[in-house]
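First residue of the sequence shown: 70, per this note's numbering; consecutive thereafter. All residues carry an ideal CB built from backbone N, CA and C; glycine is no exception.
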Amino acid sequence: MKGDPNELALAEELTSFTLKVANPIIWHDSKAGWPRRIYGGTCFFLRFADGIIGVTASHVVESLQHETALNCNIICQIRTSKPIDLASLVIASCSKQDIATFRVSDELVEEIGATVLDCRGGWPPLGSLEGRTVTFCGFPEAERTAAEPGAVTLFSCGGFAIVDAESEMDLKVTYDPARDEEAPWAPWKKPLGYNMSGCSGGPVLSHGTHNGLQRWFAIAMIISGPRGKGTGEAEGWETITMRRINTIRPDGTIKHEDSGWLPG
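Now the structure itself:
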């Protein structure tokens, strides 16, 4: 990246923090030979008054449940955790919103060294985000390799984006490799058509300053992007859709359109 040294230092700080917040969910057949196929998505953790809640896309949980139903040898992990039964930890899952939440123990956080976003006293995220800069991060399936027994190498995908459009449910950002910069930690710039499958559930954060201090705000998660088809939606750019998470209640349940809920 090129530019003002202070701006570059801030960019590295914000994107590196987002990378720490993102956690890969992986599952694989424990009886398969090596190298074996590694499936999964991405998640992140939010802390509320009554505990820690994991957030991911509901289609990630549904895919895991489908594979587990077909194959009893499937094991699931979050980052470097011991095998976990993610389905048994689910608090709520809404296919229409494509959001799922699950219980997270302090022991799991400590085991994998996770960074938890503290949302106590500042939930739900409100207000317009169009034109704001956000950071995001996920772990593409295409960049998960298991080259030797017990060892999986993961590469992340993420960086900065400007919210080009918003609705009650979604944020839309565009990726133009000729215009946009990758995160400083990214090993290479992603081409158009880069397959983002596996990034679903990855955190999207907005940033600001308060009393001279940098603050972050969990606002959304990655829900869809290019899937390796080789071309953009329009010449020269791609669209990434990010799902707002303001329908998640502090207890992990999810507010539906036909139910009323007032924060407080």
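{"query": "Can you give me the start and stop residues for the beta strand (DSSP E) that D98 sits inside?", "result": "N92 to D98"}
{"query": "Quick one: what's got a C-beta closer than 7 Å to A303's C-beta in the same chain, skipping five residues either side?", "result": "Because A303 carries a pLDDT of 47, less than 50, the predicted location of this residue cannot be relied on, and the following value inherits that uncertainty. Answer for A303: no residue qualifies."}
{"query": "With DSSP as the reference, label Q146 as helix, strand or coil.", "result": "strand"}
{"query": "Should H325 go down as buried or exposed, given a rule of 16 or more other Cβ atoms within 10 Å for buried?", "result": "exposed"}
{"query": "How about the segment 161–175 and the segment 187–207: do they share at least three Cβ pairs that are nearer than 8 Å?", "result": "no"}
{"query": "Tell me whether L79 is buried or exposed, calling it buried when 16 or more other Cβ atoms sit within 10 Å of its Cβ.", "result": "exposed"}
{"query": "Between which two residues does the beta strand (DSSP E) holding A230 run?", "result": "C226 to E235"}
{"query": "State the Cα-Cα distance for the pair R201 and C145, rounded to the nearest angstrom.", "result": "35 Å"}
{"query": "Could you tell me whether the Cβ atoms of F205 and G271 are closer together than 8 Å?", "result": "yes"}
{"query": "What's the C-alpha gap between V173 and I121?", "result": "5 Å"}
{"query": "Should C226 be labelled buried (16 or more other beta-carbon atoms within 10 Å of its own) or exposed?", "result": "buried"}
{"query": "Is T84 helix, strand or coil when you go by DSSP?", "result": "helix"}
{"query": "Please work out which residues of its chain come closer than 8 Å, Cβ to Cβ, to E237, disregarding the five sequence neighbours upstream and downstream, and give them in chain order.", "result": "R313"}
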